[in-house]
Amino acid sequence: MPAARRRPTPSSRPVGVDRSRAHVLVLPDGADVEDVERLVRQREPAVAADPGRGLRIGRHTRLIGPFAADDVLAVGAHGDWALAWVLDCPAERGDPPLPGVTDPDGLYRAFPHGLPVRAEGRAVGLLVALARRLRGAVRVAGSGLLLRPDPGVAVDVVVHAAHRVDRDTLRAALVAAGVPATEPDPGAPWAGAPPDLVEHPPDEAVAALPIEERAALHARADRLDAEVLAAEQAARIGADGVPGTGDAAPYALVVDLARSADDVDSGIVEVLVHPAEDLPPVVAGHPWAARATTYEVRWAPEDPAVAALEAPGGALVAARRRAAVVVRTAARVVTEAAEGVPVDADGFLLDRYSL
602 MPAARRRPTP SSRPVGVDRS RAHVLVLPDG ADVEDVERLV RQREPAVAAD PGRGLRIGRH
662 TRLIGPFAAD DVLAVGAHGD WALAWVLDCP AERGDPPLPG VTDPDGLYRA FPHGLPVRAE
722 GRAVGLLVAL ARRLRGAVRV AGSGLLLRPD PGVAVDVVVH AAHRVDRDTL RAALVAAGVP
782 ATEPDPGAPW AGAPPDLVEH PPDEAVAALP IEERAALHAR ADRLDAEVLA AEQAARIGAD
842 GVPGTGDAAP YALVVDLARS ADDVDSGIVE VLVHPAEDLP PVVAGHPWAA RATTYEVRWA
902 PEDPAVAALE APGGALVAAR RRAAVVVRTA ARVVTEAAEG VPVDADGFLL DRYSL
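Just so you know, we're using the working numbering here: the sequence shown kicks off at 602 and counts up by one.
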């Protein structure tokens, strides 16, 4: 029998915080109060409970609540929202977003005169992530805009594990689960720019050189590019010369969505395997963290610019939904094969049995 949902106890309105100048997290009726603190601690392990003053998530940042939504939002604005948490944080703004550019969560629209940065940027990002995970919304200070982050945007899953599964074993497990994974092309040696590439006008210093010296200069540049690319390729190759077969060599498996699904979907799902770097706080405390392997299961749409729009259109949303099924299936296989810990795109733990 599922545990009963905690209801907020009757409380007074936030004291010492100007509601009209504060960002507010709102959640629907039936939300679990304990989920908020649990998820905050996954992103901010050093968070401290400040009795009567909420959760301190930074030197000057507190998340205060829960309150009844109609005690915090303007009269008549609470709609379906039942609970509210108020963010007490100084405003820190950076540059405004580029004109005409949008982002999936609507932050560019909500902060047209300057995006939140530093402590406020981190705190607003946390509120957006909480709203996405708990199907809530964020009321933005000042403008009063209500942002409802789309849970469907968070397609990618990253699995961190103590065990490294070799390429062929993981590929076989994916295929057995109905994910027809294939290895990507390891790449061809760089042969210089294609001859039909339109050249940019050379700068004045280069243009003044004799044609023989310019040709020699471009040849040296091409050799340098080839050396750099060859070094990068060597780093991806195992000791036996086969991509991904060294003891800790990175490798990747790719699913072509259009070919595997036999429909018009475009883009790919990648499983990128490499030694762990910059582990999220929720994983960094594990005893095996220092030797962890990371498995990134990511969707790469054919047109990333469209996927980054706040309103990308029905075709992209449908493709994203189908890609999410492949990502979740692959992440489940990886989690089981590597005995790993799956984390969503916002850095929150996922239940391995719900993938």
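Cβ coordinates follow ideal geometry from the N, Cα and C atoms, glycine included.
Based on Cα-Cα distance, which residue from the options lies nearest to residue i?
{"i": "Ala932", "options": "Asp947, Tyr896 and Leu910", "result": "Tyr896"}
{"i": "Ile869", "options": "Val780, Ser955, Ala939 and Ala683", "result": "Val780"}
{"i": "Pro646", "options": "Asp879, Leu674, Gly886 and Arg772", "result": "Gly886"}
{"i": "Ala742", "options": "Asp704, Glu721 and Ala732", "result": "Glu721"}
{"i": "Val856", "options": "Leu628, Phe668 and Pro902", "result": "Pro902"}
{"i": "Gly631", "options": "Asp681, Gly701, Asp689 and Trp686", "result": "Asp681"}
{"i": "Leu735", "options": "Ala939, Arg953, Ala692 and Leu640", "result": "Leu640"}
{"i": "Trp686", "options": "Ser867, Ala849 and Pro629", "result": "Pro629"}
{"i": "Ala738", "options": "Ser744, Pro750 and Gly745", "result": "Pro750"}
{"i": "Arg622", "options": "Pro700, Leu699 and Leu746", "result": "Leu746"}
{"i": "Glu557", "options": "Ala782, Ala906, Val944 and Glu911", "result": "The question about residue 557 has no answer here: the residues shown for the chain are numbered 602 through 956."}
{"i": "Ala692", "options": "Leu880, His624 and Arg710", "result": "His624"}
{"i": "Gly715", "options": "Leu728, Pro700 and Gly915", "result": "Pro700"}
{"i": "Ser867", "options": "Val634, Arg694, Asp904 and Gly915", "result": "Asp904"}
{"i": "Asp636", "options": "Ser744, Leu728, Arg710 and Pro851", "result": "Leu728"}
{"i": "Val882", "options": "Glu940, Arg642 and Val634", "result": "According to the sequence shown, residue 882 is Pro rather than Val. Nearest option by C-alpha distance: Arg642."}
{"i": "Ala774", "options": "Asp952, Arg953 and Ala939", "result": "Ala939"}
Have a look at residue i and residue j and give me their C-alpha separation to the nearest angstrom.
{"i": "Leu748", "j": "Thr662", "result": "21 Å"}
{"i": "Glu937", "j": "Val766", "result": "11 Å"}
{"i": "Val648", "j": "Glu638", "result": "9 Å"}
{"i": "Ala853", "j": "Val942", "result": "19 Å"}
{"i": "Ala919", "j": "Arg654", "result": "43 Å"}
{"i": "Gly948", "j": "Arg644", "result": "7 Å"}
{"i": "Leu917", "j": "Ala924", "result": "10 Å"}
{"i": "Arg723", "j": "Gly659", "result": "10 Å"}
{"i": "Val927", "j": "Arg772", "result": "14 Å"}
{"i": "Ala730", "j": "Pro697", "result": "21 Å"}
{"i": "Asp769", "j": "Val776", "result": "10 Å"}
{"i": "Val874", "j": "Ala683", "result": "42 Å"}
{"i": "Ala763", "j": "Val884", "result": "11 Å"}
{"i": "Val758", "j": "Ser955", "result": "12 Å"}
{"i": "Ala946", "j": "Arg899", "result": "9 Å"}
{"i": "Ala909", "j": "Arg733", "result": "16 Å"}
{"i": "Leu950", "j": "Val935", "result": "15 Å"}
{"i": "Ile838", "j": "His761", "result": "Note on Ile838: pLDDT 35, under 50, position unreliable in the model; no value is reported."}
{"i": "Val627", "j": "Leu858", "result": "36 Å"}
{"i": "Leu656", "j": "Arg929", "result": "32 Å"}
{"i": "Ala711", "j": "Val725", "result": "11 Å"}
{"i": "Pro991", "j": "Ala850", "result": "Any property of residue 991 remains undetermined from this structure, which presents the chain solely from 602 to 956."}
{"i": "Cys690", "j": "Asp651", "result": "15 Å"}
{"i": "Ala912", "j": "Ala906", "result": "11 Å"}
{"i": "Ser744", "j": "Pro876", "result": "44 Å"}
{"i": "Ala669", "j": "Leu688", "result": "15 Å"}
{"i": "Arg921", "j": "Gly914", "result": "11 Å"}
{"i": "Arg694", "j": "Asp633", "result": "32 Å"}
{"i": "Arg719", "j": "Val944", "result": "24 Å"}
{"i": "Glu878", "j": "Arg740", "result": "34 Å"}
{"i": "Pro717", "j": "Leu880", "result": "24 Å"}
{"i": "Ala778", "j": "Leu664", "result": "42 Å"}
{"i": "Tyr709", "j": "Asp952", "result": "32 Å"}
For residue i, list the residues DSSP reports as bridge partners.
{"i": "Glu721", "result": "In DSSP, Glu721 forms no bridge with anything."}
{"i": "His875", "result": "Thr895"}
{"i": "Arg740", "result": "Val625 and Leu747"}
{"i": "Ala853", "result": "Leu873"}
{"i": "Val760", "result": "Tyr896 and Pro943"}
{"i": "Gly659", "result": "Thr662"}
{"i": "Ala920", "result": "Answer is none; Ala920 lacks a bridge partner."}
{"i": "Thr770", "result": "Paired residue(s): none; Thr770 is not in a bridge."}
{"i": "Thr783", "result": "Val855"}
{"i": "Ala901", "result": "Ile869"}
{"i": "Ala755", "result": "Looking at the DSSP assignment, Ala755 forms no beta bridge with any residue, so it has no partner."}
{"i": "Arg694", "result": "Pro717"}
Note the first and the last residue of the continuous beta strand (DSSP E) segment covering residue i.
{"i": "Gly941", "result": "From DSSP, Gly941 is part of no beta strand (DSSP E); its letter is neither H nor E."}
{"i": "Ala683", "result": "Trp682 to Asp689"}
{"i": "Pro629", "result": "His624 to Pro629"}
{"i": "Arg663", "result": "Thr662 to Ala669"}
{"i": "Arg953", "result": "Neither: Arg953 is in no beta strand (DSSP E) and is coded neither H nor E."}
From which residue to which residue does the alpha helix (DSSP H) around residue i run?
{"i": "Pro700", "result": "Unbroken run through Pro700: none, as it is neither H nor E."}
{"i": "Ala559", "result": "Outside the shown range of the chain, which is 602 to 956, sits residue 559, and nothing can be said about it."}
{"i": "Arg639", "result": "Val634 to Arg644"}
{"i": "Val907", "result": "Pro905 to Ala908"}
{"i": "Ala885", "result": "Pro882 to Ala885"}
**Message:** Does the contact criterion of 3 or more C-beta pairs under 8 Å hold for the region 876 to 892 versus the region 748 to 758?
**Reply:** Result no; under three Cβ-Cβ pairs closer than 8 Å.
**Item:** Three CB pairs or more closer than 8 Å across the region 705 to 721 and the region 665 to 675
**Value:** With the cut-off at 8 Å, the region 705 to 721 and the region 665 to 675 do not touch.
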